[in-house]
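Structure record follows, encoded as C-alpha cells.
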Ligand SMILES: Nc1ncnc2c1ncn2[C@@H]1O[C@H](COP(=O)(O)OP(=O)(O)OP(=O)(O)O)[C@@H](O)[C@H]1O
Ligand SMILES: [Mg+2]
C-alpha cells in the first residue's frame with residue numbers, strides 16, 4: 064500500500080504502520096481461537112479500533128478460513144439503527160458472490176430494505192423498517208443466525224459497544240445477550256471507551272452480559288518500542304531524529320497514541336531532514352495554536368469552577384487527591400463538593416479522564432493537547 068505519511072492518524076494501514084501491541088493481539092487471537100468473547104476497553108484514542116483491525120488482519124493471515132466483520136455502532140441511537148449498521152456491515156464486507164453474502168442478500172431482500180449511500184464513505188447502507196417489536200427482534204435473530212450457520216467461523220467486532228445502553232428500547236442488553244450466548248461459530252469482540260459503562264455492563268452480576276467475556280484493558284504503548292517505531296520511520300525516509308527530540312515527543316504527548324501520532328505525522332509532513340528540539344517545539348506550538356480556538360470556546364461554555372479544575376489538572380499533570388485542601392486552594396476551586404462535582408461533570412463530558420487502579424484513582428485532562436495548552440496559557 065502506498066502511503067504518504069507513515070504516522071497514521073486515522074484507521075489502519077497495515078502492520079508496518081502499527082506499533083507493537085503484540086501481547087494484546089496474541090490475547091485477542093487466543094480468545095477468538097479458543098472460543099471466548101472479549102471486551103476491549105481503554106481511554107479514548109489509545110488504539111482500540113486500530114488493534115481490532117490489526118488482529119483481524121493477523122487472524123486472516125494465520126487462519127484464512129476465518130471471516131471477519133467490523134461494525135461501528137457509534138452513530139446508532141436505537142436498536143433499529145443497530146440492526147441497520149450490522150446489516151450494512153455484512154453487505155459491505157461479504158461480496159455478493161460469496162456464500163455468506165449470497166445468503167444474507169437473499170434474506171435481506173425478503174424484508175424490503177431501502178438503500179442510501181453514506182456521504183462520507185460512498186458505501187451503500189441498508190435501512191429496515193419494522194411494524195412491531197417482535198418483527199425487529201426476529202430480524203436481529205435471523206441475521207445473527209446467518210453468521211452463526213456459516214460454514215467457517217466468523218469474528219465479529221462491535222466498536223463503541225456501550226452505545227447500546229443508550230437505546231430507548233427496553234432490555235436491549237438482555238435481548239442481544241440471549242442471542243449471543245448460543246453462538247459458538249461466531250466470536251465477538253466488544254469494544255468501548257467509556258470504561259465505567261463498559262465495566263458495569265460486563266462486571267455487574269445483575270446485568271445480562273455479566274462474566275460473559277474476558278476483559279482486555281489497553282494501556283499506553285511501551286516507551287522503548289514506540290521510540291524505536293518513530294525513529295525507524297524517520298530513518299526509512301532518510302531522516303534522523305535526535306534523542307532529546309524523541310524523548311520530548313514521548314513526554315509532551317504523554318505517549319497517548321493519537322497525540323503522539325499527530326505530532327509525528329506533522330513533523331514528517333514538515334519535512335526537516337534532521338529533527339531536533341527546535342523542530343519539535345515548532346510543531347507542538349503550531350498544533351496548540353490551531354487547536355487553541357476550540358479550547359477557548361470551551362472557556363466560554365464551562366462554569367468557572369470547572370475551568371479552574373481543568374487548569375489545576377493540566378498544571379499538575381495528574382491528580383489523585385482532587386478534594387485535598389491544597390489542590391482546591393491553589394486553583395481556587397471552591398469547596399470539596401465543587402471539586403467532586405466538577406470531576407464528575409467533566410468526566411461525563413469526556414473532558415476529564417479518570418484512571419482507576421487497584422486502590423487508587425487519578426484524574427487528568429483527557430485531551431493531551433488541551434492539557435498542554437491550559438498549562439501554557441494560564
Ligand atoms: N499501535 C499503534 N501504532 C501506531 N498507531 C496507532 C496504533 N494504535 C492506534 N494508532 C493510531 O492512533 C490513533 C487512535 O487510535 P484508534 O482510533 O484505534 O483509538 P481508539 O481507542 O479506537 O479511539 P476511540 O476511543 O476514539 O475510538 C489512530 O489514528 C490510529 O491509527
Ligand atoms: Mg475507536
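Numbering (this note's numbering), first residue to last: 64 to 441.
Backbone N, C-alpha and C define an ideal beta-carbon position, used for all residues, glycine too.
Residue i CB to nearest heavy atom of ligand 2 below 7 Å
i, result
"residue 112", "yes"
"residue 307", "no"
"residue 222", "yes"
Buried or exposed by the 16-neighbour rule on C-beta atoms within 10 Å, applied to residue i
i, result
"residue 344", "exposed"
"residue 340", "exposed"
"residue 412", "exposed"
"residue 440", "exposed"
"residue 326", "buried"
"residue 154", "buried"
"residue 183", "exposed"
"residue 332", "exposed"
"residue 130", "buried"
"residue 427", "buried"
"residue 424", "exposed"
"residue 400", "exposed"
"residue 198", "exposed"
"residue 94", "buried"
"residue 430", "buried"
"residue 116", "buried"
DSSP bridge partner residues for residue i (one or two, in chain order)
i, result
"residue 486", "This structure gives no information on residue 486, because the portion of the chain shown stretches from 64 to 441."
"residue 255", "104"
"residue 177", "190"
"residue 222", "135"
"residue 415", "428"
"residue 367", "Answer is none; residue 367 lacks a bridge partner."
"residue 280", "104"
"residue 217", "130 and 249"
C-beta contact flag for residue i and residue j at 8 Å
i, j, result
"residue 132", "residue 217", "yes"
"residue 243", "residue 297", "no"
"residue 142", "residue 235", "yes"
"residue 403", "residue 419", "no"
"residue 122", "residue 92", "yes"
"residue 108", "residue 320", "yes"
"residue 137", "residue 222", "yes"
"residue 202", "residue 193", "yes"
"residue 150", "residue 191", "yes"
Residue i CB to nearest heavy atom of ligand 1 below 7 Å
i, result
"residue 355", "no"
"residue 350", "no"
"residue 285", "no"
"residue 77", "no"
"residue 71", "yes"
"residue 107", "yes"
"residue 324", "yes"
"residue 433", "no"
"residue 297", "no"
"residue 74", "yes"
"residue 81", "yes"
"residue 320", "yes"
"residue 150", "no"
"residue 258", "no"
"residue 84", "yes"
| Which runs of the alpha helix (DSSP H) spanning at least 4 residues fall entirely within the region 378-403, listed in chain order? | 388-393
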